[in-house]
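Engineer: So that we are looking at the same thing, I have put the structure below in structure tokens.
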Amino acid sequence: AQSVTQLDSQVPVFEEAPVELRCNYSSSVSVYLFWYVQYPNQGLQLLLKYLSGSTLVKGINGFEAEFNKSQTSFHLRKPSVHISDTAEYFCAVSVKGSQGNLIFGKGTKLSVKP
Amino acid sequence: NAGVTQTPKFQVLKTGQSMTLQCAQDMNHEYMSWYRQDPGMGLRLIHYSVGAGITDQGEVPNGYNVSRSTTEDFPLRLLSAAPSQTSVYFCASSRLRQETQYFGPGTRLLVL
Numbered sequence: 015a016q017s018v019t020q021l022d023s024q025v026p027v028f029e030e031a032p033v034e035l036r037c038n039y040s041s042s043v044s045v046y047l048f049w050y051v052q053y054p055n056q057g058l059q060l061l062l063k064y065l066s067g068s069t070l071v072k073g074i075n076g077f078e079a080e081f082n083k084s085q086t087s088f089h090l091r092k093p094s095v096h097i098s099d100t101a102e103y104f105c106a107v108s109v110k111g112s113q114g115n116l117i118f119g120k121g122t123k124l125s126v127k128p
Numbered sequence: 014n015a016g017v018t019q020t021p022k023f024q025v026l027k028t029g030q031s032m033t034l035q036c037a038q039d040m041n042h043e044y045m046s047w048y049r050q051d052p053g054m055g056l057r058l059i060h061y062s063v064g065a066g067i068t069d070q071g072e073v074p075n076g077y078n079v080s081r082s083t084t085e086d087f088p089l090r091l092l093s094a095a096p097s098q099t100s101v102y103f104c105a106s107s108r109l110r111q112e113t114q115y116f117g118p119g120t121r122l123l124v125l
């Protein structure tokens with residue numbers, strides 16, 4: 015069965031610093047990968063996704079992620095964070111062509127301090 | 014487009030009571046799902062539907078029922094509420110099962 019591991023449950027960072035949120039998945043077959051963001055007291059919204067093609071994916075709000083098949087990783091990065099990026103971030107995976115559902119990681123809380 | 018809507022936003026129940034959480038989408042999506050979110054647990058799939066008249070169980074289905082009589086609506090029923098069902102519930106929809114899911118704003122449920 016597929017699984018998703020978000021290696022850090024909380025990441026504190028100062029404003030304008032770079033950040034990387036780590037995500038590893040377990041699957042021996044081709045996958046789709048997603049990052050969602052959840053602002054306080056809101057639902058989840060899509061930040062970016064990898065379906066195929068270029069392994070570097072750009073999303074909204076200046077975020078990007080790189081798909082690394084050999085390391086089964088899909089880490090999220092932003093070169094300079096803002097206070098408004100404070101939120102919880104979820105990595106998710108689904109298997110291409112399967113009947114499986116989307117599997118979510120447990121989330122990483124990003125806290126941006128002034 | 015309203016997207017995915019959920020009602021109520023907040024509900025308090027007593028143990029043993031039943032209730033229905035409403036979910037509706039206006040995007041003509043075939044796939045709809047219900048998740049619960051608990052601290053440190055991420056999102057766990059309760060039930061899902063791949064189209065009207067078709068539903069199936071997810072990871073944590075016990076204590077919940079669903080039905081899908083129309084493409085737009087996917088209500089979640091709590092049969093006999095328990096304190097362990099205190100959680101935030103999210104409904105989501107997508108055109109196809111593995112595509113981007115669109116989430117509602119959530120229902121915060123407290124069972125006393």
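Residue numbers (the numbering used here), protein chains in the order written: chain A, 15 to 128; chain B, 14 to 125.
Beta carbons are placed, not taken as given, at the ideal position from N, Cα and C, and that holds for glycine.
1) So with CB distances below 7 Å, who are the chain B contacts of A/N38?
2) Using the DSSP secondary-structure output, state which residues sit across from B/F87 in a beta bridge.
3) Confirm, please, whether the CB-CB distance from A/Y50 to B/Q111 is below 7 Å.
4) Beta-carbon separation of B/F87 and B/F103 under 7 Å?
5) Counting only beta-carbon atoms, is A/G57 nearer than 7 Å to chain B?
6) Would you give the residue range spanned by the beta strand (DSSP E) that B/H60 belongs to?
7) Below 7 Å between beta carbons: does that hold for B/S107 and B/Y44?
8) If you reduce the DSSP assignment to three classes, tell me which class A/P26 lands in.
9) Against chain B, with Cβ distances strictly below 7 Å, would A/L60 count as a contact?
10) Starting from B/R121, follow its DSSP beta bridges and name the residues at the other end.
11) From the DSSP output, read off the bridge partner residues of A/F48.
12) Provide the residue(s) that pair with A/R91 in DSSP beta bridges, ordered along the chain.
13) For the segment 68 to 93 of chain B, which residues have a beta carbon sitting closer than 8 Å to at least one beta carbon of chain A?
14) Output the distance between the C-alpha atoms of B/G119 and A/Q16, rounded to the nearest integer angstrom.
15) Quick one: Cα of A/L65 to Cα of B/G76, how far?
16) Per DSSP, what are the beta-bridge partners of B/D69 in this structure?
17) How is B/D51 classed by DSSP in three states: helix, strand or coil?
Structural biologist: In brief:
1) The residue given as residue 38 of chain A occupies position 24 in the first sequence. Ordered by position in chain B, no residue passes the 7 Å Cβ test against A/N38, which lies about 14 Å from the chain.
2) Mapped onto the second sequence, residue 87 of chain B falls at position 74. Per DSSP, none; premise fails for B/F87.
3) Counting from one through the second sequence, the residue named residue 111 of chain B turns up at place 98. Counting from one through the first sequence, the residue named residue 50 of chain A turns up at place 36. No.
4) If you number the second sequence from 1, residue 87 of chain B lands on position 74. If you number the second sequence from 1, residue 103 of chain B lands on position 90. With a cutoff of 7 Å on beta-carbon distance, B/F87 and B/F103 are scored as not near each other.
5) Stepping through the first sequence from its first residue, residue 57 of chain A is reached at position 43. So, interface residue.
6) For the purposes of this step, residue 60 of chain B is taken as the residue at position 47 of the second sequence. Start and end: 55 to 64.
7) For the purposes of this step, residue 107 of chain B is identified with residue 94 of the second sequence, where counting begins at 1. For the purposes of this step, residue 44 of chain B is identified with residue 31 of the second sequence, where counting begins at 1. Contact flag set, yes.
8) For the purposes of this step, residue 26 of chain A is taken as residue 12 along the first sequence, with counting starting at 1. DSSP places A/P26 in strand when its eight states are reduced to three.
9) As a first step, residue 60 of chain A must be located in the first sequence, where it is residue number 46. Yes, A/L60 counts as interfacial toward chain B.
10) Position 108 of the second sequence, counted from the start, is the residue given in the question as residue 121 of chain B. Answer is B/F23, B/V101.
11) Mapped onto the first sequence, residue 48 of chain A falls at position 34. Answer by DSSP bridge pairing, in chain order: A/K63, A/A106.
12) In the first sequence, the residue the question calls residue 91 of chain A occupies position 77. In the DSSP output, where bridge partners are listed per residue, A/R91 has A/E34, A/E78.
13) Taken in chain order, the members of the segment 68 to 93 of chain B whose beta-carbon sits within less than 8 Å of a beta-carbon on chain A are G71.
14) Position 106 of the second sequence holds residue 119 of chain B. Position 2 of the first sequence holds residue 16 of chain A. Straight-line Cα distance between these residues: approximately 26 Å.
15) Taking the first sequence and counting its residues from 1, one reaches residue 65 of chain A at position 51. Taking the second sequence and counting its residues from 1, one reaches residue 76 of chain B at position 63. Taking the straight line from one Cα to the other gives about 35 Å.
16) In the second sequence, the residue the question calls residue 69 of chain B occupies position 56. Answer is B/Y61.
17) Counted from its first residue, the second sequence places residue 51 of chain B at position 38. DSSP places B/D51 in strand when its eight states are reduced to three.
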